[in-house]
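The sequence shown runs 39 to 406 under the working numbering. Notes follow once the structure below has been shown.
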Amino acid sequence: MDYGTVRAENRADETLILNLEGPCELRLFEYEEIWVTLYPFLLSRGYKLRQRYHPEWIPSWTGDADPLAAFYCEDGIQSRPNVVDAVRDDGSKVILKRIDLETEELDIGLFTSSKPVSDDPRNCCVPILDVILIPACETHAVIVMPLLYEHVRLPFRHVGELLEMGVQLSKCLDFLHDNNIAHRDFCYYNVLIDPTRLLPDGFHPWEPGAPPEGRRNMYKTFKWKSRWSVRPNRYYVIDFGMSQRYSKREGVLALGALGQDRTVPEMSNTVPYDPFPMDVYQFGNMLLRILKGYYPTQVTDALTSLAKRMTNTDPALRPTAKEVATEFDRLSERIGFFGLRERIWPSDFPYKFLKRLRVMLGKCVYPY
């Protein structure tokens, strides 16, 4: 959301350490307090936050002698900085993100969400469903987006699933670049998937391996379907907080060592660089990160070769987003339906057998 940009360091950051009063009493994190303040206002706008953020919230585990009660209870699960889930008055589940109005995130999001741009079949940018101006606040606003799922939380099981993702993301990057938009953080945690058919029983927004009611019995009650069985799937690109839209694409220069992937060779705080090849590099690195977790096949080898060209240390030698999209289309057409059905398996040992067993039983697997 930015909620999909939840990174490992966010979960380990010492500022997020739980504050405990006694064995079971959990206070809100400081970054969550804004949502308690906004709870009545957002409710008046048709968005109900979880009970955790109600101004008169009393933890459901109060008085429970189990020292792990707070961990298991639904209202013991915190959201992430600047992002929270809600239920809209029509019953749909959404994500609310508090954004800085000094960035281009709102302008770019409204542009990609408005017609005729939103009708472009290449456009898989997360749509903005609503914009909520915060009373007496000129620096921030709240945008509303659909509730989506972290795309790598469930394993890829067929070659066609990898290609489906690659085709959509490459075309979306081509779409952004055709509209002179540099994402500048086209990375691993900024890609989500529509969970509607993939997880028909739902999931907890901040505990992706748990059902909506929380962590208790999560491994017994959390159910999912393979991407192949519910295809076509829809992927979304999120988090435009670092993005920029230019009047032209040629001759554009940017500054800043930003985002999740800071291995981009030309990235610098002092030496200007072209941000468009940087997007290609970050996308290529995302592909390499995913592919290295699976046993190689002829198709994954071809994808690895493409990803390595995308991560060339010389920006001038990288393919453009349009060329990458063309390569994905050609590969998909060349291997045909039966090639798309080819099975792939996570490569990590010694957990390989257990993961295969969990996949066959329909259980959630965290392959990375």
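Every residue, glycine too, gets a C-beta built ideally from N, C-alpha and C. Keep in mind it's a predicted model, so treat the numbers as computed, not measured.
If distances are taken between C-alpha atoms only, which option among the options comes closest to residue i?
i	options	result
arginine 379	Asp352, Leu200, Gly204 and Gly247	Leu200
arginine 381	Tyr332, Asp104, Pro353 and Ser370	Tyr332
glutamine 282	Asp312, His221, Val290 and Arg253	His221
arginine 118	Glu288, Ile133 and Gly129	Ile133
leucine 248	Lys261, Pro238 and Asp232	Correcting the residue identity first, residue 248 is alanine in this sequence and not leucine. Measuring from the Cα of alanine 248, the nearest candidate turns out to be Lys261.
aspartate 157	Met183, Cys210 and Ala108	Cys210
valine 182	Leu369, Met203 and Asn120	Asn120
aspartate 168	Gly289, His189, Asp104 and Lys135	Lys135
phenylalanine 194	Ala103, Asn271, Leu293 and Leu296	Asn271
serine 285	His215, Arg300 and Cys111	His215
proline 334	Phe321, Ser385, Leu369 and Gly289	Ser385
aspartate 128	Tyr85, Pro313 and Leu341	Tyr85
arginine 83	Ile146, Ile172 and His92	Ile172
I need the boundaries of the beta strand (DSSP E) containing residue i, first residue and last residue.
i	result
alanine 124	121-126
leucine 236	Counting along the chain, leucine 236 falls outside any beta strand (DSSP E), and DSSP gives it neither H nor E.
valine 362	Unbroken run through valine 362 is the alpha helix (DSSP H), 359-378; no beta strand (DSSP E).
leucine 230	229-231
tyrosine 273	273-275
alanine 248	Element bounds for alanine 248: n/a, residue is neither H nor E.
lysine 131	131-138
tyrosine 85	85-87
Between the beta-carbon of residue i and the beta-carbon of residue j, is there less than 8 Å?
i	j	result
arginine 90	aspartate 123	no
methionine 348	valine 309	no
arginine 327	tyrosine 187	no
valine 74	leucine 80	no
leucine 291	tyrosine 273	no
alanine 179	leucine 144	yes
histidine 189	isoleucine 231	yes
glutamate 245	arginine 254	no
glycine 374	valine 337	no
isoleucine 170	serine 151	no
leucine 293	arginine 265	no
isoleucine 137	glycine 240	no
Compute the beta-carbon to beta-carbon distance between residue i and residue j, rounded to the nearest angstrom, for a pair I have assumed lies under 8 Å.
i	j	result
alanine 359	serine 208	7 Å
asparagine 30	valine 275	Outside the shown range of the chain (39 to 406) lies residue 30, about which nothing can therefore be said.
arginine 356	proline 303	Not quite, the Cβ-Cβ distance comes to about 11 Å (not below 8 Å), so this is no contact.
aspartate 352	aspartate 277	About 27 Å separates the two Cβ atoms, so there is no contact after all.
proline 250	histidine 242	6 Å
For the alpha helix (DSSP H) that contains residue i, what are its first and last residues?
i	result
proline 165	Neither: proline 165 is in no alpha helix (DSSP H) and is coded neither H nor E.
tyrosine 77	71-82
isoleucine 115	Note, isoleucine 115: premise wrong, no alpha helix (DSSP H); not H, not E.
tyrosine 408	In the structure as shown, the chain begins at 39 and stops at 406. Residue 408 is therefore absent and cannot be evaluated.
isoleucine 328	313-329
histidine 215	197-216
valine 337	336-348
isoleucine 146	143-151
Rounding to the nearest angstrom, what Cα-Cα distance links residue i and residue j in this structure?
i	j	result
aspartate 212	arginine 126	33 Å
glycine 101	arginine 269	46 Å
leucine 87	proline 184	14 Å
glycine 204	lysine 330	15 Å
isoleucine 96	leucine 139	34 Å
cysteine 62	tryptophan 99	Annotation note: pLDDT 31 at cysteine 62 (below 50); position unreliable, coordinate value reported separately. Roughly 7 Å separates the two Cα atoms.
serine 267	asparagine 307	46 Å
glutamate 70	glutamine 116	8 Å
glutamate 142	glutamine 320	20 Å
cysteine 163	cysteine 111	33 Å
aspartate 299	asparagine 350	15 Å
threonine 364	leucine 325	16 Å
phenylalanine 109	leucine 296	33 Å
aspartate 339	lysine 131	39 Å
alanine 174	leucine 76	12 Å
proline 154	glutamate 361	24 Å
glutamate 371	proline 159	18 Å
threonine 342	proline 105	47 Å
glutamate 68	proline 313	35 Å
glycine 60	alanine 107	With a pLDDT of 35 at glycine 60, under the threshold of 50, the modelled position of this residue cannot be trusted; read the value that follows with caution. Going by the C-alpha atoms only, they are around 12 Å apart.
alanine 103	tryptophan 383	43 Å
valine 197	glutamate 176	48 Å
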